[in-house]
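Residues in the sequence shown are numbered from 55 upward in steps of one, following this note's numbering. C-beta atoms are modelled at their ideal positions from N, C-alpha and C, and glycine is treated no differently. Data block below; observations after.
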Amino acid sequence: MSHSILRKSKLLRISSKDRLNPTNENRYDFEVGLDDYFLHQVKKVVVKSIIIPNTSYNITDKNNKLIIDYNGVIKLIALQTGQYTSFELEDAIITAFALIGVTLTIAENQYTKVYELTFDQVTSIISITNSLNTYGQLGTLHRVLGLDVLDTNDTPSGLTYTAPHLRDLSGLKKVYIGSNTLGNTTSLISSDKTKRNIFTEVDIEAKWGYIEHRVIDDLNNIDEHTYYAPKDISVIDISLYDQNLEPLDLNGHEFELVLKIFGD
């Protein structure tokens, strides 16, 4: 029986280097084309190994903006994307606000280690929904700082904000690999009502600047997909998402996925 299975299986390597649409703005949302008769009658796909460099910044264009109502005047900062330490982030925020006339100090509570932000004028931090609807900018930097912002028009204002949560500069924690071709009907449904056709997921344990190399044991593999009828996977779409289901940017670095495919 085992020899029969081996004769009907092949390894399939997918690299982002081989994408069919190399000029696509998002190089981590792509298709690969494969010329092999075996791929026209596939019954099962098993994930064998994944190589993903942890090169996604902890401050990206998805979380680099902070929008405030500063004594009745709307002020916006957008930090340069990059990999920040806590000290570098504090300095960048204070400097960015100083350039637009806002005096801000950031301190760490000596007991709870949360941030305390103090402005020299009465200030409201604009909520995510209102910032997008009113100002055309999505301000989510407060999440990195550990701040909660009410999603209403009456966001509390004051001179000092004490963050209820610890700051989070940990960056990439998980990668979801989406594929309409491979995922079939396996979808991820998030509590925020986001839906993605996710084929598999990878916890990122490698530090920033290092490579996450995950090898999956044949005997303990839960990342396998069996199709009800033979399926043509000669053209495969791949999309990478971070832990927030935002499109992933590895800053030009490539990733690789190895599958074991079984024929009819």
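I'd like the list of long-range same chain contacts for residue i, defined as Cβ closer than 6 Å, with 5 residues on each side in sequence excluded.
i: residue 230; result: 252, 255, 295
i: residue 93; result: 287, 288
i: residue 75; result: 84
i: residue 95; result: 284, 317, 318
i: residue 87; result: 74, 289
i: residue 257; result: 228
i: residue 158; result: 148, 151, 173
i: residue 273; result: At residue 273 the pLDDT is 47, less than 50, meaning the model places this residue with poor confidence; the figure from the coordinates comes in the next sentence. So no residue of the chain qualifies.
At the level of alpha carbons, what is the spacing between residue i and residue j?
i: residue 126; j: residue 310; result: 50 Å
i: residue 219; j: residue 289; result: 44 Å
i: residue 214; j: residue 236; result: 50 Å
i: residue 129; j: residue 122; result: 5 Å
i: residue 142; j: residue 160; result: 12 Å
i: residue 306; j: residue 176; result: 42 Å
i: residue 178; j: residue 234; result: 42 Å
i: residue 104; j: residue 156; result: 46 Å
i: residue 167; j: residue 221; result: 9 Å
i: residue 200; j: residue 78; result: 34 Å
i: residue 188; j: residue 133; result: 20 Å
i: residue 173; j: residue 146; result: 16 Å
i: residue 297; j: residue 228; result: 5 Å
i: residue 64; j: residue 91; result: 12 Å
i: residue 192; j: residue 184; result: 9 Å
i: residue 302; j: residue 149; result: 28 Å
i: residue 291; j: residue 153; result: 44 Å
i: residue 262; j: residue 304; result: 11 Å
i: residue 124; j: residue 314; result: 57 Å
i: residue 151; j: residue 248; result: 33 Å
i: residue 186; j: residue 244; result: 21 Å
i: residue 165; j: residue 190; result: 38 Å
i: residue 206; j: residue 115; result: The predicted position of residue 206 is uncertain, since its pLDDT is 45 and thus under 50; no value can be drawn from it.
i: residue 212; j: residue 138; result: 28 Å
What does a CB cutoff of less than 8 Å around residue i pick up in its chain, not counting 5 residues either side in sequence?
i: residue 259; result: 266
i: residue 163; result: 169, 170, 216
i: residue 224; result: 112
i: residue 264; result: 107, 108
i: residue 89; result: 288
i: residue 269; result: 102, 103
i: residue 119; result: 130, 131, 132, 133, 185, 191, 192, 193, 194, 195
By Cβ distance below 7 Å, which residues in the same chain neighbour residue i in space, the five residues on each side in sequence not counted?
i: residue 136; result: 111, 113
i: residue 250; result: 230, 232, 241, 242, 295, 299
i: residue 97; result: 280, 281, 284, 316, 317, 318
i: residue 117; result: 194, 195, 197, 198
i: residue 208; result: Only weak support is given to the placement of residue 208: the predicted model assigns it a pLDDT of 42, under 50, and the value that follows is read from those uncertain coordinates. Excluding positions up to five away in sequence, the list is empty.
i: residue 144; result: 160
i: residue 308; result: 69, 70, 71
Since residue i contacts residue j with CB under 8 Å, what's their CB separation in whole angstroms?
i: residue 62; j: residue 312; result: Incorrect: roughly 18 Å between the Cβ atoms, too far for contact.
i: residue 232; j: residue 140; result: Contact doesn't hold; Cβ gap of about 32 Å is too wide.
So, residue i versus residue j, is the Cβ gap smaller than 8 Å?
i: residue 73; j: residue 81; result: yes
i: residue 181; j: residue 198; result: no
i: residue 100; j: residue 271; result: no
Give a single yes or no on whether residue i has its beta carbon closer than 7 Å to a heavy atom of the ligand SAH.
i: residue 214; result: Summarising the ligand content, the structure contains no ligands, and the ligand SAH is consequently not present.
Legend entry - alpha helix (DSSP H) runs contained entirely in the region 169 to 245, provided each spans 4 or more residues: Qualifying alpha helix (DSSP H) stretches, in chain order: 182 to 189, 195 to 199, 234 to 237.
Legend entry - Completely contained beta strand (DSSP E) runs for the region 251 to 275, where each covers 3 or more residues: List check, beta strand (DSSP E) in window: 252 to 257, 265 to 269.
Legend entry - Length-filtered (3 minimum) beta strand (DSSP E) runs lying within the region 91 to 138: 96 to 107, 119 to 124, 127 to 132, all fully within the region 91 to 138.
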